[in-house]
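Mapped onto mature numbering (1 follows the signal peptide of the UniProt record, and there is no 0), the consecutive letters of the sequence shown carry residue numbers -27 to -1, 1 to 237.
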Amino acid sequence: MNWKSKIITASLTATMLMGSLTTGVLTAPVSAAAVEHSKLKVIWGVNMRTSPSSSAGVVRMVPKGETVTVLKKSGSAWYKVQDSSNRTGYISSSSKYTKAVSGSTTTSGSGSSTSETGSAAVEKVIAAGMKYWGTPYEFGASRNSTATFDCSSFVRQAFIDALGIKLPADSRQQGTYVKGKGAVKTDWTKLKRGDLMFFMSYKGTKASSYAGVNKSTARITHVGIYLGDGKVLHTYSNAGGGVTTSDISGKHWEYRFLYGGSAL
């Protein structure tokens, strides 16, 4: 082989190698701008799968417009997420399918910060609470154990796990703590995601059962974390499933609601 042939051969080899590398870059999944506990809006219907593989079973197809919460990144091409009905699974991290919800991203890393506020902190608290889904209920549960919870110990543990913040030990003290943080709202529909909700004692399933009650002086007996979309994350009985979510509107939770606000 003469020198001209060698040059041509080398050039072709370099072109082929560079072409392969370039193709790899262009075809690799492009991750959406999301990190742990941030929220993503689906912009193209995407399958939620049972494991991070395109051959894994499909939990459901998440439609365009739905928002999911990132629980963690799995490899270079998948996110483990939680949907609006609290189901978990894996979706592609390609930006073809999702985009980050403005203001919802957090920074990943170890440790916690008591000074962190805003939507990032809220999502951490909710994610921390969600990991205890189904944990049994126990009235007067130990504040030093996560084996069982009552309503206030559950809320307290979510804040400890997420942010290192230790709220007061019971629901009434937590209510006072939230009032001390600023204005509270007596209309639950005005609450923001992550606000704490405080309730009076159960008197029945009908609105009429609570008629005439002076809620400004009623005693707090229950607390939960507002998720938005008319749902509260809390625990109140083993019959209710331990740590769970409940609909508020038209239920006794709506009639029992006293006030709510941010603990951050």
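Just so you know, even glycine gets a beta-carbon here, dropped at the ideal spot from N, CA and C.
Note that the structure is a prediction, hence the values are computed from the model and not measured.
query = What is the residue span of the beta strand (DSSP E) that A180 lies within?
reply = No beta strand (DSSP E) contains A180, which DSSP labels as neither H nor E.
request  = State whether the segment 12 to 28 contacts the segment 59 to 69, with contact taken as three or more CB pairs (one from each stretch) at a distance under 8 Å.
outcome  = Using a Cβ-Cβ distance cut-off of 8 Å, the segment 12 to 28 and the segment 59 to 69 are in contact, since at least three pairs of beta carbons, one from each stretch, lie closer than that value.
ask   = Taking the alpha helix (DSSP H) that R129 falls in, what are its first and last residues?
value = First-last of the alpha helix (DSSP H) with R129: 124 to 136.
inquiry  = If contacts are defined as beta-carbon pairs under 8 Å, then T119 and Y105 qualify, I think. What distance do you get, rounded to the angstrom?
reply    = Beta-carbon to beta-carbon, T119 and Y105 are separated by about 7 Å, close enough to satisfy the 8 Å threshold.
ask   = Excluding sequence positions up to five away, which residues of its chain have a Cβ less than 8 Å from the Cβ of E39?
value = Correct list, in chain order: K14, V15, D56, S57.
key: Residue nearest to E227 in terms of C-alpha spacing, selected from S181, S27, A114   = Nearest of S181, S27, A114 to E227, Cα basis: S181.
query = I221 by DSSP, collapsed to three states: which one?
reply = Coil.
key: Beta-bridge pairing of K204 - partner residues as DSSP gives them   = Answer by DSSP bridge pairing, in chain order: G201, D220.
inquiry  = Within a Cβ cutoff of 8 Å, which residues of the same chain sit near K37, ignoring the five residues on either side of it in sequence?
reply    = Taken in chain order, the residues that qualify are V15, I16, W17, G18.
query = Hey, how far is the Cα of H225 from the Cα of V157?
reply = Answer to the nearest angstrom: the Cα atoms are 20 Å apart.
key: Alpha-carbon spacing of Y150 relative to Y52, whole angstroms   = The straight-line gap separating the alpha-carbon atoms of Y150 and Y52 is approximately 36 Å.
key: G148 - containing alpha helix (DSSP H), residue span   = From DSSP, the alpha helix (DSSP H) with G148 extends over 144 to 154.
inquiry  = Can you tell me which residues form a DSSP beta bridge with T194?
reply    = Paired residue(s): none; T194 is not in a bridge.
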